[in-house]
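Novice:
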Amino acid sequence: MQILFSKPLFPNILGITIVLVLSGWLMVQAQGNWIFIAAIILVEFLVISIIFMQFYNKYTRPLNKASKTVNEMIKGNYSARFNNSNSEEMEQLSKNINKLARNMNEITIQEQMHAEQLTSIIDNMKNGLALIDEKGYVHLVNRGFTEMFQGKEKQYRGHLYYEVFENEAMHDVVQKTFLYEEPVKEQFKNKRGLTKNYMEVIAAPIFNEHNMIKGAVLVIYDITELKRLEKMRKDFVANVSHELRTPITSIRGFAETLKEKQHDEKAAEEFIDIIFKESHRLQLLIEDLLELSRLEREDFQLQKADFNVKQMIDAVLPSLEQKAEKKELHFTTSIPADIHMYADAEKLKQVIINLADNAINYTSSDGSVSLNVSEKNNRVLFSIEDTGIGIEKKAIPRVFERFYRMDKDRSRNTGGTGLGLAIVKHIVEVHQGEIVVESEVNKGTAIHVYIPKD
Ligand SMILES: Nc1ncnc2c1ncn2[C@@H]1O[C@H](COP(=O)(O)OP(=O)(O)OP(=O)(O)O)[C@@H](O)[C@H]1O
Ligand SMILES: [Mg+2]
Numbered sequence: 001m002q003i004l005f006s007k008p009l010f011p012n013i014l015g016i017t018i019v020l021v022l023s024g025w026l027m028v029q030a031q032g033n034w035i036f037i038a039a040i041i042l043v044e045f046l047v048i049s050i051i052f053m054q055f056y057n058k059y060t061r062p063l064n065k066a067s068k069t070v071n072e073m074i075k076g077n078y079s080a081r082f083n084n085s086n087s088e089e090m091e092q093l094s095k096n097i098n099k100l101a102r103n104m105n106e107i108t109i110q111e112q113m114h115a116e117q118l119t120s121i122i123d124n125m126k127n128g129l130a131l132i133d134e135k136g137y138v139h140l141v142n143r144g145f146t147e148m149f150q151g152k153e154k155q156y157r158g159h160l161y162y163e164v165f166e167n168e169a170m171h172d173v174v175q176k177t178f179l180y181e182e183p184v185k186e187q188f189k190n191k192r193g194l195t196k197n198y199m200e201v202i203a204a205p206i207f208n209e210h211n212m213i214k215g216a217v218l219v220i221y222d223i224t225e226l227k228r229l230e231k232m233r234k235d236f237v238a239n240v241s242h243e244l245r246t247p248i249t250s251i252r253g254f255a256e257t258l259k260e261k262q263h264d265e266k267a268a269e270e271f272i273d274i275i276f277k278e279s280h281r282l283q284l285l286i287e288d289l290l291e292l293s294r295l296e297r298e299d300f301q302l303q304k305a306d307f308n309v310k311q312m313i314d315a316v317l318p319s320l321e322q323k324a325e326k327k328e329l330h331f332t333t334s335i336p337a338d339i340h341m342y343a344d345a346e347k348l349k350q351v352i353i354n355l356a357d358n359a360i361n362y363t364s365s366d367g368s369v370s371l372n373v374s375e376k377n378n379r380v381l382f383s384i385e386d387t388g389i390g391i392e393k394k395a396i397p398r399v400f401e402r403f404y405r406m407d408k409d410r411s412r413n414t415g416g417t418g419l420g421l422a423i424v425k426h427i428v429e430v431h432q433g434e435i436v437v438e439s440e441v442n443k444g445t446a447i448h449v450y451i452p453k454d
């Protein structure tokens, strides 16, 4: 202020003083000439008015304009500008005001961009998110949240959480967060249409700069898939333990009997036979488990090579034919001699053996089993058909699950562990192939395996 007024005021005060002194001196000289005195007063008035007008135009008017521009900026209009070059001071002031406006404009644009980015992140995150203030009012719910609970944003925003959140677990986590002022986690079931999903909600307190609780943020995850995997793992461990325990108990029991008591040779032979059969079963089970874990390893790689399909199947046919013969089944094959493919021959042999084994096992004497190979759309189709017991419609998708057996006792009698088709499915999947099951109870089953030729 000092700099602004010291310079303009000095010449103006000097000018006015000169006018007053000069007019005073002239009036003394005029000695009662009232017309002359009146003329001097008029001139004096005009000169002082001009000086004030000039001062007003140079400083007061631009200052009013500058003040208006700043007011516009206070209102949020950062495109307002102020230009004045009447004086050095005004020019500097206008430059600074315009620079400030430009900076504010940039900051606002950046802030807008950040806010938009944040909104888009919050809205596009798959998890549900809700923000509650210290009074319990919902301030924000994202799209993930509204989709999870099938509601609309306005249903939640501005309402008390315990009036709009349907689930008790959600009330609970908010209350505990406000009470203990620390993150709280809970799981609950959420019904969405006909399906039930497992959710996990984590509520965390929000503090202000004085460490006072200002609200809570809730993040909700859909953990249905995690729960499914957890259940699968638990079932798998339970199944493996069960499957291992059965033959081990049997082996141990017969071995103890053999050790402790006197037996005739025939009974002892029978016991040894059982022990041998059960230990064989145990070995098969362990081999299958190892095979499954090998196939499931992330670094598993197929040993692909070019081979003739007929030659590959010819290598496994004798044992299958022998098995079918033993069960008095008609076993037929139709395999063109000229089909070549680029795949893992050993793994495909396993597929054929497992499928043909099932067909033979689950078909009673006098039935028939056929193995046909053909080529279609750059894929090789292996079809194994039987006239056996068939699979119930609802059980078809389940036969590929580990340890699933339609009839556990029957399957166990045939030495089955319920891992054969799980292995088949894995091998087909790693080959990017496809497997189709057609079956009718008491009529028979056809399993078609499509494997890309290369
Ligand atoms: N061709 C078939 N006809 C009828 N049922 C079948 C046939 N193939 C499979 N199944 C059913 O599917 C279940 C699973 O088959 P999978 O081959 O996985 O196990 P498994 O034959 O019992 O034992 P293994 O692990 O020794 O093969 C069988 O227990 C059986 O109930
Ligand atoms: Mg099987």
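Residue 1 is where the sequence shown starts when you use the working numbering, and the numbers rise one by one after that.
Quick reminder that beta carbons are idealized off the backbone N, C-alpha and C, glycines included.
Round the Cβ separation of Gly418 and Arg398 to the nearest angstrom and send it over; I've been treating them as touching at under 8 Å.
Specialist: Going by Cβ atoms, the distance from Gly418 to Arg398 rounds to 10 Å, so no, they are not a contact pair.
Novice: Under the assumption that His221 contacts Met199 (Cβ atoms under 8 Å), give the Cβ distance between them as a whole number of angstroms.
Specialist: With the sequence shown as reference, residue 221 is identified as Tyr, and His is not the correct amino acid for it. That belief holds up - the Cβ atoms of Tyr221 and Met199 are roughly 7 Å apart, short of 8 Å.
Novice: Would Ile132 be called buried (16 or more neighbouring beta carbons within 10 Å of its own) or exposed?
Specialist: buried
Novice: Give the secondary structure of Met113 by DSSP, where H, G and I count as helix, E and B as strand, and everything else as coil.
Specialist: helix
Novice: Residues bridged to Gly144 by DSSP?
Specialist: Paired residue(s): none; Gly144 is not in a bridge.
Novice: Can you tell me which residues fall inside 6 Å of ligand 2, judged by beta-carbon distance to its nearest heavy atom, and keep chain order?
Specialist: A residue is listed when its beta-carbon falls short of 6 Å from at least one non-hydrogen atom of ligand 2; in chain order these are Asn354, Asp357, Asn358, Gly416, Gly420.
Novice: Which term fits Ile360, buried or exposed, when burial requires 16 or more other beta carbons within 10 angstroms of its beta carbon?
Specialist: buried
Novice: Between Glu296, Gly76, Phe178, which lies nearest to Ile206 when the distance is taken from Cα to Cα?
Specialist: Phe178
Novice: What are the start and end residues of the beta strand (DSSP E) that includes Ser374?
Specialist: 368-376
Novice: Anyone know if the C-beta pair for Phe478 and Val449 falls short of 9 Å?
Specialist: Limits of the chain in this structure are 1 at one end and 454 at the other, which puts residue 478 out of reach.
Novice: Which complete alpha helix (DSSP H) runs does the stretch 272-355 hold, if anything under 4 residues is left out?
Specialist: 309-314, 317-326
Novice: Helix, strand or coil: which one does DSSP assign to Lys58?
Specialist: In the three-state DSSP reduction, Lys58 falls in the helix class (H, G or I).
Novice: Can you list, in chain order, the residues of its chain whose CB lies under 6 Å from that of Ala403, leaving out five sequence neighbours each side?
Specialist: The question names Ala, yet the displayed sequence has Phe at residue 403. Excluding residues within five positions, the ones whose Cβ falls inside 6 Å are Asn239, Gly418.
Novice: If you measure between the beta carbons of Ile40 and Ile16, is that distance less than 9 Å?
Specialist: no
Novice: Near Ala395, which residues of its chain fall below 6 Å by C-beta distance, leaving aside the five closest residues on each side in sequence?
Specialist: Met406
Novice: Please indicate yes or no: does the CB of Phe382 lie closer than 8 Å to some heavy atom of ligand 4?
Specialist: Ligand 4 is absent from the structure shown, which contains only ligand 1 and ligand 2.
Novice: State yes or no: is the C-beta of Val173 within less than 9 Å of the C-beta of Val138?
Specialist: In this structure, the beta-carbon distance from Val173 to Val138 does not fall below 9 Å.
Novice: Take the Cβ of Pro62 as the centre, count every other Cβ of all protein chains shown within 10 Å, and call the residue buried at 16 or more, exposed below.
Specialist: It counts as buried.
Novice: With a threshold of 16 other CB atoms inside 10 Å of the CB of Phe5, please say whether the residue is buried or exposed.
Specialist: Note that Phe5 scores a pLDDT of 47, beneath 50, so its modelled location is shaky; the value from the coordinates is reported in the next line. By the neighbour-count rule (16 or more Cβ atoms within 10 Å), Phe5 is not buried but exposed.
Novice: Assuming the contact rule is C-beta atoms closer than 8 Å, Gly390 and Ser439 should be a hit. Round their C-beta distance to whole Å, please.
Specialist: 5 Å
Novice: Are three or more beta carbon pairs between the stretch 52-72 and the stretch 80-90 nearer than 8 Å?
Specialist: Touching, per the Cβ criterion.
Novice: Quick one: what's got a C-beta closer than 7 Å to Ser67's C-beta in the same chain, skipping five residues either side?
Specialist: none
Novice: Could you check whether the Cβ of Val399 sits closer than 8 Å to any heavy atom belonging to ligand 1?
Specialist: yes
Novice: Ser87 and Lys65 look like a contact to me (Cβ under 8 Å); what is the Cβ gap, rounded to whole Å?
Specialist: That pair is no contact at about 13 Å.
Novice: Compare the beta carbon distance of Asn84 and Ser94 with 9 Å and say whether it is the shorter of the two.
Specialist: yes
Novice: Alpha carbon to alpha carbon, what distance is there between Asn96 and Lys90?
Specialist: Here the sequence assigns Met to residue 90, which means Lys is not the residue at that position. Rounded to whole angstroms, Met90 to Asn96 spans 10 Å at the Cα level.
Novice: Measure the beta-carbon distance from Gln155 to Arg192 and round it to whole angstroms, keeping in mind my assumption that it falls under 8 Å.
Specialist: The Cβ separation is near 16 Å, so there is no contact.
Novice: Return yes when at least one heavy atom of ligand 1 lies under 8 Å from the C-beta of Arg405, else no.
Specialist: yes
Novice: List the endpoints of the continuous alpha helix (DSSP H) containing Glu228.
Specialist: Residue identity check: residue 228 is Arg in the sequence provided, not Glu. Note, Arg228: alpha helix (DSSP H), 224-260.
Novice: Return the first residue and the last residue of the beta strand (DSSP E) that Gly128 is part of.
Specialist: Counting along the chain, the beta strand (DSSP E) containing Gly128 begins and ends at 128-133.
Novice: Within a Cβ cutoff of 6 Å, which residues of the same chain sit near Ile435, ignoring the five residues on either side of it in sequence?
Specialist: Val428, Val449
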